[in-house]
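Visitor: Chains as they are written, first to last, in this note's numbering: chain A, 353 to 777; chain Z, 353 to 777.
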């Protein structure tokens, strides 16, 4: 690998020469007529093929306790599905709902409930006046959109290498009772891949909150989505209980990126009092979730060990892709001083920071040559990245070959946008 | 059939003699140790067997337009599923969402949305002060429970032979802007089996409402659940449009009692403006519904004609049961003057009215001999039937033989409760 000269130390003349080379190269890419969509974190078809067992005929439709899964009933979900989640994630099966096909929908439902009814006897959020929600950035656009829709002011807090900046979080939640919650993706955060440390989890559970109804929305979407050795995650419920706040966390998970996205089984767990309250209201909202899909899923997955075996196959599919991203970025941008990026050990994304003011231009250039990335700014509340730096790279859906091509183009776009920015100074 | 003497004209002495006979007979029933659950409107296992095709292996997972149904996407549901609903019910496929496994959940979601966000620019219901909802009685307890949970005052209106008492409905909605909606089961209403006439539908669409955001919750749960010749239903959207209220109705349906309860596909349709607004919010709440189950369902059902063929098989299963109910009631109670009942031509229920003050006692007696009925009062808002008369009979789940037994016992309990009441006067 050639050690690259840092772009920031190039003379204007050198930058102009480089610009000409990059623009010629970009024009060649445009002429290729690529058409690739890297905008969303979707598993590749080859990963979905790993769950072909779900397509097999069902020779029996009875749950372990004899329940006919074809008929109404069993609001909290099949006991064996709740047990699998509990075993897999270290949770209490009695405080789990095995629900429908979408954990995002459960998050929306819980926030909607808290808006209308409140929780734990507190004033319903919808009647509590000003509302604020903490959004670790960069983060997941669909999380931010929910709280935006419900009228929250979204407060960005920096996501550091061990999780949200806890000094900042503790200061904000202690001072302001209108801060009602925080979005957390504690393992392989979307998009940075950051994993919360034990100390971060401890502090989240223990911190003093001005709002008694402050809640942690713990979306462990990538809880078993390790690329290498599993990164451990501390027990959020234990941390909350130890801090004297046993009802502080709602825990979400799903099999969407284990089996089929949008056709898996979603999970909600909560502290003991919250669980009763939420389940009672779910009991008004639905008669029962799709037990046939739960039965199909549990029969295919078997047990927690079965899930872990399947996730190793996913990792085999995904590792080469993450390694192409890391490799191409290092090779093309290492030492250039025009970008920083993360090197996740799991999950679905890589976070990339351009020079300030270059993210939108970079994404637009990629689109102009046929590669659709997640919109710049999407990882920030309201879609506005104040420094216009962050780009979410979603390497899972394309094939290895397509991804290699797309990453070459992406790094070219990073360079081109950077040189233009440096020349405009 | 022996013509029965009207109980109301019996002397006290005759009543006492009768009481003794009935109590002896009841004791014999108790000794039999029956254990039957007739409390909910669940299809019988033999009906579920009609959908065995859903258990077969799936050899392909692509929708008609090539969509890989295993992955995220297609918020409004598979086009072919929307077209099937449209064809079956005479709706516009563009104004339909093919959703998850529960139409009740869609009703809850819509009311929840209107509580928090309002509709059509009106004040959100949750900020509009006092809220009221019209509940045709007898009606469906799960409907009433939703609006009860959200804090509505539930206003009972009489369900007559052609639908809700429209003189009463028109008077209430014209006068009171806090009346925000009405629950309607327009075909084979739960539990009476009443079908709304064309004139009722016309008046619902045309009536003047003090609340601009008044909405009809049109739960056509039994829209294709005919026991004999189909009873026609007028087009509620056409009626609303003709009345100048194109966004007045939300239309719900599902395949729960076509294929599997709780594992079918639910549907929401709405007027053009409402549809856009609701779908946009659903787009915050979920990425996509379970397309694999939609695909499985559409492949099994085929088209509207396929649904109608399947419903004829259901009717063959259900007709003998409804005829046992009608026959036993006529034989045991005809002319006795201690009960009135409906004779539905479809749906899942029969409505029975005891003498005033006898419903709870009758249901308790049945339970005391091992037959669990739907709780007396359940068909009224808050579970309180002011005259304590109405009982919902759910004949679908037991076998023909069990139902025959249960109905014999039920009529005995009606008689026993009535005689006790008459003697207590």
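Virtual Cβ for every residue (Gly too), placed ideally from N, Cα, C. Note that the structure is predicted; figures quoted are calculated from it, not measured.
Rounded to whole angstroms, how far is the Cβ of residue 650 (chain A) from the Cβ of residue 466 (chain A), which I believe are closer than 8 Å?
Guide: By one-based count along the first chain, residue 650 (chain A) stands at place 298. By one-based count along the first chain, residue 466 (chain A) stands at place 114. With a Cβ gap of about 30 Å, residue 650 (chain A) and residue 466 (chain A) do not count as contacting.
Visitor: Along chain A, in chain order, which residues have C-beta atoms closer than 8 Å to that of residue 433 (chain Z)?
Guide: As a position in the second chain, residue 433 (chain Z) is number 81, starting the count at 1. Per Cβ cutoff of 8 Å: no residues; residue 433 (chain Z) is ~14 Å from chain A at best.
Visitor: Given 8 Å as the limit, is there contact between the segment 589–605 of chain A and the segment 420–431 of chain A, that is, 3 or more CB pairs closer than that?
Guide: In short, these stretches do not touch, since the Cβ pair count stays below three.
Visitor: Quick one: Cα of residue 381 (chain A) to Cα of residue 390 (chain A), how far?
Guide: Numbered from its first residue, the first chain carries residue 381 (chain A) at position 29. Numbered from its first residue, the first chain carries residue 390 (chain A) at position 38. Their backbone Cα atoms lie some 17 Å apart in a straight line.
Visitor: Excluding sequence positions up to five away, which residues of its chain have a Cβ less than 8 Å from the Cβ of residue 454 (chain A)?
Guide: The count along the first chain starts at 1 and reaches residue 454 (chain A) at position 102. Closer than 8 Å at Cβ, skipping near neighbours: 606, 608, 614, 618.
Visitor: Report the neighbours of residue 407 (chain Z) on chain A: residues whose CB is nearer than 8 Å to its CB, in chain order.
Guide: To locate residue 407 (chain Z), count along the second chain from 1; it is residue 55. Near residue 407 (chain Z) (Cβ distances below 8 Å), the residues of chain A are 409, 410, 411, 413.
Visitor: Would you call the segment 664–680 of chain A and the segment 577–584 of chain A touching, i.e. three or more CB-CB distances under 8 Å?
Guide: In short, these stretches touch, since the Cβ pair count reaches three.
Visitor: Please determine whether the Cβ atom of residue 563 (chain Z) lies at a distance below 7 Å from any heavy atom of the ligand COA.
Guide: The ligand content of the structure shown is nil, which means the ligand COA is not present either.
Visitor: To the nearest angstrom, report how far apart residue 525 (chain A) and residue 563 (chain A) are at their CA atoms.
Guide: In the first chain, counting from the first residue as 1, residue 525 (chain A) sits at position 173. In the first chain, counting from the first residue as 1, residue 563 (chain A) sits at position 211. Approximately 8 Å, taken between the alpha carbons.
Visitor: Among Z:751, Z:639, Z:688, Z:767, whose alpha-carbon lies nearest the alpha-carbon of residue 713 (chain Z)?
Guide: Residue 713 (chain Z) sits at position 361 when you count from the first residue of the second chain. That would be Z:767, whose Cα lies nearest to the Cα of residue 713 (chain Z).
Visitor: Are the CB atoms of residue 539 (chain A) and residue 547 (chain A) nearer to each other than 8 Å?
Guide: On the first chain, residue 539 (chain A) is found 187 positions in, with the first residue counted as 1. On the first chain, residue 547 (chain A) is found 195 positions in, with the first residue counted as 1. Against a cut-off of 8 Å, the Cβ pair of residue 547 (chain A) and residue 539 (chain A) comes out as a contact.
Visitor: As a quick exercise: from A:621, A:594, A:646, A:746, pick the residue whose alpha carbon is nearest that of residue 693 (chain A).
Guide: For the purposes of this step, residue 693 (chain A) is taken as the residue at position 341 of the first chain. The option with the nearest alpha carbon to residue 693 (chain A) is A:746.
Visitor: Is residue 739 (chain A) buried or exposed, if buried means 16 or more other CB atoms sit within 10 Å of its CB?
Guide: Within the first chain, the letter at position 387 stands for residue 739 (chain A). Exposed, since its Cβ has fewer than 16 Cβ neighbours within 10 Å.
Visitor: Consider the Cβ of residue 437 (chain A): report whether some Cβ of chain Z lies at a distance smaller than 8 Å.
Guide: To locate residue 437 (chain A), count along the first chain from 1; it is residue 85. Output row for residue 437 (chain A): interface = no.
Visitor: So the alpha helix (DSSP H) residue 658 (chain Z) belongs to, where does it begin and stop?
Guide: The residue you call residue 658 (chain Z) lines up with position 306 of the second chain. Looking at the DSSP string, the run of the alpha helix (DSSP H) that includes residue 658 (chain Z) is 656–685.
Visitor: Mind pulling the chain A residues with CB within less than 8 Å of residue 703 (chain Z)?
Guide: Walking along the second chain from the start, residue 703 (chain Z) turns up at place 351. Simply none; closest approach about 21 Å.
Visitor: When DSSP builds the beta bridges, which residues end up paired with residue 604 (chain Z)?
Guide: Taking the first residue of the second chain as position 1, residue 604 (chain Z) is located at position 252. In DSSP, residue 604 (chain Z) forms a bridge with Z:571, Z:620.
Visitor: Pull up the distance between the alpha-carbon of residue 515 (chain A) and that of residue 492 (chain A), whole angstroms please.
Guide: Start at 1 with the first residue of the first chain, and residue 515 (chain A) comes out as number 163. Start at 1 with the first residue of the first chain, and residue 492 (chain A) comes out as number 140. Answer to the nearest angstrom: the Cα atoms are 14 Å apart.
Visitor: Nearest by alpha-carbon distance to residue 600 (chain Z): which of Z:640, Z:553, Z:634 is it?
Guide: As a working note, residue 600 (chain Z) is residue 248 in the second chain. Closest option to residue 600 (chain Z), Cα to Cα, is Z:553.
Visitor: Given that residue 468 (chain Z) touches chain A, what residues does it touch there, using C-beta distances under 8 Å?
Guide: Locating residue 468 (chain Z) in the second chain gives position 116, counting from the first residue. By Cβ distance, chain A contributes 464, 467, 468, 478, 502.
Visitor: Using the three-state DSSP reduction, which class does residue 693 (chain A) fall into: helix, strand or coil?
Guide: Taking the first residue of the first chain as position 1, residue 693 (chain A) is located at position 341. Reduced to three states, the DSSP call for residue 693 (chain A) is strand.
Visitor: How would you label residue 632 (chain A), buried or exposed, when you count the other beta carbons within 10 angstroms and need 16 or more for buried?
Guide: Along the first chain, read from residue 1 onward, the residue named residue 632 (chain A) stands at position 280. That one is exposed.
Visitor: By Cβ distance, which residues of its chain are closer than 7 Å to residue 659 (chain A), with the 5 residues on each side in sequence left out?
Guide: Translated into the one-based positions of the first chain, residue 659 (chain A) becomes position 307. Cβ neighbours of residue 659 (chain A) beyond the five flanking positions: 440, 576, 610, 653.
Visitor: Going by DSSP, name the residue or residues bridged to residue 487 (chain A).
Guide: Taking the first chain and counting its residues from 1, one reaches residue 487 (chain A) at position 135. Looking at the DSSP assignment, residue 487 (chain A) forms a beta bridge with A:508.
Visitor: Which residue's Cα is closest to the Cα of residue 673 (chain Z): Z:384, Z:687, Z:398, Z:449?
Guide: The residue given as residue 673 (chain Z) occupies position 321 in the second chain. Selected option, being the one with the closest Cα: Z:398.
Visitor: Just to confirm my understanding: we take residue 764 (chain A), look at its own chain, exclude 5 residues before and 5 after, and list those with CB closer than 7 Å. What are they?
Guide: Locating residue 764 (chain A) in the first chain gives position 412, where the first residue counts as 1. Excluding positions up to five away in sequence, the list reads 374, 377, 378, 381.
Visitor: Would you check if there are 3 or more beta carbon pairs closer than 8 Å linking the segment 742–760 of chain Z to the segment 703–720 of chain Z?
Guide: Touching, per the Cβ criterion.
Visitor: How many Å lie between residue 362 (chain A) and residue 510 (chain A) at the Cα?
Guide: By one-based count along the first chain, residue 362 (chain A) stands at place 10. By one-based count along the first chain, residue 510 (chain A) stands at place 158. Going by the C-alpha atoms only, they are around 31 Å apart.
Visitor: Please classify residue 577 (chain A): does DSSP put it in a helix, a strand, or coil?
Guide: The sequence position of residue 577 (chain A) within the first chain is 225, counting from 1. Of the three classes helix, strand and coil, the one that applies to residue 577 (chain A) here is coil, per DSSP.
Visitor: Consider the Cβ of residue 544 (chain Z): report whether some Cβ of chain A lies at a distance smaller than 8 Å.
Guide: For the purposes of this step, residue 544 (chain Z) is taken as the residue at position 192 of the second chain. Not one chain A Cβ lies under 8 Å of residue 544 (chain Z).
Visitor: If I measure Cβ to Cβ from residue 410 (chain A) and keep anything under 7 Å in the same chain, skipping five residues before and after, which residues do I get?
Guide: Counting from 1 along the first chain, the entry for residue 410 (chain A) is found at position 58. Same-chain partners within the cutoff: 648.
Visitor: Comparing C-alpha positions only, which one of Z:400, Z:403, Z:407, Z:434 sits nearest to residue 415 (chain Z)?
Guide: Locating residue 415 (chain Z) in the second chain gives position 63, counting from the first residue. Closest option to residue 415 (chain Z), Cα to Cα, is Z:434.
Visitor: What residues are listed by DSSP as bridge partners for residue 495 (chain Z)?
Guide: Translated into positions along the second chain, residue 495 (chain Z) becomes position 143. BP columns for residue 495 (chain Z) are empty, so no partner.
Visitor: Can residue 452 (chain Z) and residue 616 (chain A) be called in contact, C-beta distance under 8 Å?
Guide: Numbered from its first residue, the second chain carries residue 452 (chain Z) at position 100. Numbered from its first residue, the first chain carries residue 616 (chain A) at position 264. No, they are not a contact pair.
Visitor: Taking the beta carbon of residue 449 (chain A) as the centre, do at least 16 other beta carbons fall within 10 Å, making it buried, or is it exposed?
Guide: Walking along the first chain from the start, residue 449 (chain A) turns up at place 97. Buried, because 16 or more other Cβ atoms sit within 10 Å of the Cβ of residue 449 (chain A).
Visitor: What does the Cβ neighbour count give for residue 490 (chain A), buried or exposed, with the cut at 16 atoms within 10 Å?
Guide: Your numbering for residue 490 (chain A) matches position 138 in the first chain. Buried, by the Cβ-count rule.
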